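Report on the following structure.
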Amino acid sequence: MMGDVKPDVCVVGLGYIGLPTAAIIARAGCKVLGLDVSQHVVDTINRGEIHIEEVDLDGLVHGVVQRGLLRASTEIAPSDVFVIAVPTPFAKDGHHTPDISYVLAAATQVAAVLKAGDTVILESTSPVGTTDQMRDLMAGLRPDLKFPGKTKETPDVSIAYCPERVLPGRILEELTNNDRSIGGITPRCARKALAFYKRFVRGTCVTTDARSAEMTKLVENAYRDVNIAFANELSMVADKMGLDVWEVIRLANRHPRVNILQPGPGVGGHCIAVDPWFIVAGAPDETPLIRTARNVNDGKMHHVVAKASALVEAHPGVKVACLGLAFKANIDDFRESPARYVAASLARKFGARINVVEPYAGELPREFEGTGAVQIDLDTALEECGVLIVLVDHDVFKVIPLAERSGKVVYDTRGIWPDQPGVDVAAAGLRLAS
Ligand code: SAJ
């Protein structure tokens, strides 16, 4: 662009979203200050290294740090654009209430260095109304500045909500290529944020208001959760009726307007299993479906533990292998993982009979300590274990040929081996229990 003055950018929070975002903005030529509360994270990034696993991120961060475009710090500094990407976990009240305190703490920091002409963008998944709350907080801290929606005159600063929708393992590609919703507190704020995202997003950027953009992000993940719950409920019905759920779904999906998702041992990760509750918290009486979907998906984990237990008990003395701990295929992320929950529950019940195969884990998580369960490699599992419980659809498991598993008792919660003889061993698990 002729005469284009690139804004200085500050990204608050250098986690799974913040760091790749900071790196991509820096690659577009902006000077980026990355802010994090952890000195370890800051030091790692300033050495040109990374503290998280993500495809191609190490080379990108190394390059932009070396070119002086990305610098990390624990101290905020004046910038032209602020991007807030901090966590929004549940509050510790046991009721799945969103905790936006990290967002408000970030906004407080930003307010201290804010000046006329700046743009503040919230990216964290947030309950509807958070961007307004953030604006109100900053307006209270900076009475010298005019804030959007609070003045009839032209405001001094722009504020917008712009969620990401990237998939772990494909973050850099999806940050660049996915379409984005750009929700301004006012249309003018949306236009300011749009001009910023156009610098590094190739996907279509669609402008809207901040509350609609907040809800859109939650709706995307709740939509998927409800649809996975349908598949998981079908799998439990199929178990009861002695049917092969995978076959039924395959056949139903041949209908031109049916597209059922895949059942599994439950729904994990920090987005799909969390965000639907943010909608429920905002409208508890209007969300029986979303709440039930959450409960069905959580209930599936307990169903899998019960069936797997029945299978293990029905084969006394036989060694058991749980295949996978990650929350989904081909990643090393074990947080909120149903596979991890199931394997650990079995380890507590059956101790040393349980073996865990997880090529993406260096060691077993803490909750396995003292259970007697151990981590073994896949070859050993195939040689020594007579019962296989498939919990994650890692590619390395999918390609195991029938010859290496035909003599085994298999409970395949992901449907990765359709050629397994007696596919309804899963159902047999239930029959054995009764
Ligand atoms: N799962 C099933 N059956 C399916 C699909 C998924 O059981 O048919 C399970 C997975 O095994 C996993 C969980 O659901 O346990 C979530 O996996 P995922 O791959 O569907 O999604 P995430 O959590 O990695 O990322 C989601 C994405 N949202 C949507 O697809 C609507 C991603 O685009 C979002 O950016 C991300 O949440 C986020 O950060 O919110």
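In this note's numbering, the protein residues as written are 1047 to 1480. C-beta atoms are modelled at their ideal positions from N, C-alpha and C, and glycine is treated no differently. Note that the structure is predicted; figures quoted are calculated from it, not measured.
Report yes if the C-beta distance between residue i and residue j is below 8 Å; otherwise report no.
| i | j | result |
| --- | --- | --- |
| Arg1451 | Leu1437 | no |
| Arg1226 | Gly1249 | yes |
| Asn1092 | Ala1131 | no |
| Thr1134 | Ile1146 | yes |
| Cys1208 | Ala1259 | yes |
| Asp1439 | Ala1375 | yes |
| Asn1343 | Ala1298 | no |
| Val1159 | Thr1120 | no |
| Ser1355 | Leu1392 | yes |
| Ala1372 | Ala1385 | yes |
Closest by CA to residue i, which one among the options?
| i | options | result |
| --- | --- | --- |
| Pro1053 | His1086, Ala1239 and Met1180 | Ala1239 |
| Gly1418 | Arg1412, Glu1429 and Arg1399 | Arg1399 |
| Asn1223 | Thr1067, Ile1462 and Tyr1457 | Thr1067 |
| Val1326 | Val1132, Phe1136 and Gln1112 | Phe1136 |
| Val1252 | Leu1280, Lys1286 and Glu1210 | Glu1210 |
| Gly1163 | Pro1201, Ala1151, Gly1175 and Ile1130 | Pro1201 |
| Lys1263 | Leu1191, Pro1214, Gly1312 and Pro1173 | Pro1173 |
| Tyr1387 | Phe1193, Gln1308, Leu1065 and Pro1411 | Pro1411 |
| Asn1267 | Ile1231, Ala1256, Gly1314 and Ile1318 | Ile1318 |
| Pro1467 | Leu1079, Gly1453 and Ile1336 | Gly1453 |
| Lys1077 | Ala1123, Asp1190 and Val1156 | Ala1123 |
| Gly1175 | Ala1277, Leu1218, Asp1126 and Gly1229 | Gly1229 |
| Met1180 | Glu1199, Ile1071, Thr1197 and Tyr1148 | Tyr1148 |
| Ile1377 | Arg1237, Ala1256, Leu1213 and Glu1430 | Leu1213 |
| Gly1087 | Val1058, Arg1113, Asp1102 and Val1420 | The residue you asked about is not Gly; residue 1087 is Val in the sequence shown. Answer by Cα proximity: Val1058. |
| Val1247 | Tyr1269, Asp1425, Ile1070 and Gly1310 | Ile1070 |
| Arg1073 | Val1110, Leu1357 and Gly1310 | Val1110 |
| Arg1188 | His1361, Thr1177 and Val1203 | Val1203 |
Should residue i be labelled buried (16 or more other beta-carbon atoms within 10 Å of its own) or exposed?
| i | result |
| --- | --- |
| Arg1234 | exposed |
| Ile1462 | buried |
| Ala1534 | There is simply no residue 1534 to check, as the chain begins at 1047 and stops at 1480 in what is shown. |
| Met1261 | buried |
| Leu1116 | buried |
| Lys1353 | buried |
| Gly1475 | Reliability fails at Gly1475, whose pLDDT of 43 lies under 50, so the model's placement of it is uncertain and no value is given. |
| Thr1459 | buried |
| Glu1429 | exposed |
| Lys1198 | exposed |
| Ser1480 | Because Ser1480 carries a pLDDT of 26, less than 50, the predicted location of this residue cannot be relied on, and no value is offered for it. |
At a cut-off of 7 Å, would you count residue i as near ligand 1, judging by its Cβ distance to the nearest heavy atom?
| i | result |
| --- | --- |
| Thr1171 | yes |
| Asn1092 | no |
| Gly1345 | no |
| Cys1368 | no |
| Val1212 | yes |
| Asn1299 | no |
| Gln1155 | no |
| Lys1444 | no |
| Cys1317 | yes |
| Pro1384 | yes |
| Asn1401 | no |
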